[in-house]
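Heads up, the sequence shown is in the numbering used here, so the first residue is 573 and it goes up one at a time.
Backbone N, C-alpha and C fix where the C-beta goes; we use that ideal spot for every residue, glycine too.
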Amino acid sequence: MEYANLGRSGLQVSRLCLGCMTFGSKQWRPWVIGEDEARAIIKRALELGINFFDTANMYSLGLSEEILGRAIKDFVADRDDVVIATKVYYPMKEGVPNQRGLSRKHIEAQIDASLKRLQTDYVDLYQIHRWDYWTPIEETMETLNDLVRAGKVRYLGASSMYAWQFAKAVYTADQRGWTRPVSMQSHYNLLYREEEREMLPFCRQEGMGIIPWGPLARGLLARPRPEKGGGETLRSRTDDYTRQLYDQANPEIIDRVVEVAERRGVTPAQIALAWLLHQPGITAPIIGVRTIEHLEEAVGALDIALSEEERTYLEEPYRPQPVRGHE
């Protein structure tokens, strides 16, 4: 395993982050796996040197955090050996006031609930899951700063939003002398590269770690297209959000990923991950897996060095598209 600092911070994380959205309850999403399967994956990830785990309070309405917390407690002798990231914003109850967003009331309630589910005294990286249009950013950043000062949170981060929004959060913290974010979790892969316009350059300029979500475009980059014999997974058949994210993606990119993989004697998923790991400023793509085999396959991507010609060949068919993933 390789390790890198998360942006300009001193926090060292593995070059792959294990995403825990797939761990929880099928009642939440049909493609989610249960605790026994999830524990086996977490255990193997630790054996492979992965020390970075990303979840969110809303994944399976808290069950993902519970599963991760129990596994870390059982498999890790020293809590400081791992980096746990979680997120706040989305509602834990629908239609109830103060049960969503980035207000002081919601954040303070949710960090305590997350800590309890994770069975830990602190979260290494606490991330705002989306931009809150209804709460002043000053209220949000002051509350997050207070969590750091209280010892409940070590570092702050954010997930998909517009670059101007993230800049506003960062500069608000700087102006007030509050803790600034150290990372951005962006939607970024070969099928969706709109973050290259503003967000990624901003993050590189400001020394933010970049931890992309959806590195395999929810599985679209992991196999040939169905029209070319690739078949479909349970997630691809049942996840309407995947279709919303990639309905304007160029299918030729998938074909080229498969072609390069066949030429190299590796899998399409490994090529897609290797491309992402070559991009400037990328710290650790977040991999969501449902089997140990997929986990080991992802780790194998760290050993693949793509040539400049191969990267250009994979990138060439890309066409600009509407911004997606900020919802």
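Just to confirm my understanding: we take residue i, look at its own chain, exclude 5 residues before and 5 after, and list those with CB closer than 6 Å. What are they?
i    : result
R790 : T814
M630 : Y662
S636 : C592, F595, G596, T627
V725 : V695, Y698, L719
Is the separation between the beta-carbon of residue i and that of residue j shorter than 8 Å?
i    : j    : result
I614 : L633 : no
T627 : R862 : no
A617 : L578 : no
E638 : R689 : yes
R765 : Y885 : no
I858 : I783 : yes
L845 : I854 : no
L763 : A821 : yes
E910 : A735 : One cannot answer for residue 910 here, as it falls past the ends of the chain, which runs 573 to 899.
P731 : I700 : A quick correction: the sequence has Ser, not Pro, at residue 731. In contact: S731 and I700 (Cβ atoms closer than 8 Å).
A856 : R587 : yes
R776 : P823 : no
What residues in its chain sit with their C-beta under 7 Å from that of residue i, if we drop five residues either side in the sequence?
i    : result
E711 : S675, R676
G786 : H759, N761
E869 : T839, A841, Q842
Q737 : W703
N670 : K677, H678
Based on the DSSP output, what are the partners of residue i in its beta bridges?
i    : result
K659 : Q699
I858 : C589
F527 : The chain is shown from 573 up to 899; residue 527 falls before or after that span and cannot be answered.
L728 : Y698
I826 : BP columns for I826 are empty, so no partner.
F647 : None, per the DSSP bridge assignment.
Y575 : S586
I605 : F595
Measuring alpha carbon to alpha carbon, tell me which residue in the options is nearest residue i.
i    : options                : result
K598 : G591, C592, G606       : G606
K877 : H850, E619, E834       : The question names Lys, but residue 877 in the sequence shown is Ala. It is H850 whose Cα lies nearest to the Cα of A877.
V720 : R651, I683, C775       : I683
T839 : E882, L793, V655       : L793
Y705 : K740, A643, L874       : K740
G723 : Q671, P708, A745, Y694 : Y694
G621 : P892, L867, R752       : L867
K659 : T707, M771, R672, Y575 : R672
R828 : A610, Q820, R797       : R797
V604 : G860, E899, R883, H898 : G860
V654 : T715, E574, N822, Q584 : Q584
E680 : W847, D650, M713       : M713
G749 : F774, C775, R795, L716 : L716
S581 : R883, G837, S879, L728 : L728
G837 : G872, L588, E881       : G872
R651 : E666, R752, N623       : N623
R642 : R752, D608, V668       : D608
Keeping to the same chain, check which residues put their C-beta closer than 8 Å to that of residue i; ignore five residues upstream and five downstream.
i    : result
Q816 : R896
I656 : F625, T627, L640, I644, L690, T692, V695, D696, L697
Q893 : Y764, E766, Q820, A821
F774 : A735, F738, A739, M780
Within 7 Å: the Cβ of residue i and any heavy atom of the ligand PLP?
i    : result
D819 : The ligand PLP is not among the ligands present in this structure, which contains no ligands whatsoever.
(message) List, from N- to C-terminal side, the beta strand (DSSP E) runs of 3 residues or more that fit wholly inside the region 742-803.
(response) List check, beta strand (DSSP E) in window: 755-757.
(request) Kindly provide the ranges of any alpha helix (DSSP H) runs that are 4 or more residues long and lie completely inside the region 832-880, ordered along the chain. (result) Counting only runs of 4 or more, we get 840-850, 864-872.
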